[in-house]
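In full-length UniProt numbering, the protein residues as written are 1 to 43.
Below, the structure is given as structure tokens:
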């Protein structure tokens, strides 16, 4: 097929949800206080 460059290929609208997949060998690990931000100062 003919190639057409798409400059907006990786541009997403504002996201409302985030999925996190974790693979563990040993069970029992707990995660809390996960911060997702685009502000380095806040992080």
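All residues carry an ideal CB built from backbone N, CA and C; glycine is no exception. Because the structure is a prediction, the values reported are computed rather than measured.
Closest Cα partner of residue 18 within the set 7, 37, 28: The shortest Cα separation from residue 18 among 7, 37, 28 belongs to 37.
Pull up the CB-CB distance for residue 43 and residue 30, whole angstroms please, since I reckon it's below 8 Å. In fact, because the Cβ distance is near 21 Å, the residues do not count as touching under 8 Å.
What does the alpha-carbon distance come out to for the pair residue 25 and residue 4? Between the alpha carbons of residue 25 and residue 4 lies a distance of about 43 Å.
Out of 39, 41, 20, 40, which has the shortest C-alpha to C-alpha gap to residue 32? Checked all of 39, 41, 20, 40; the closest Cα to residue 32 is 20.
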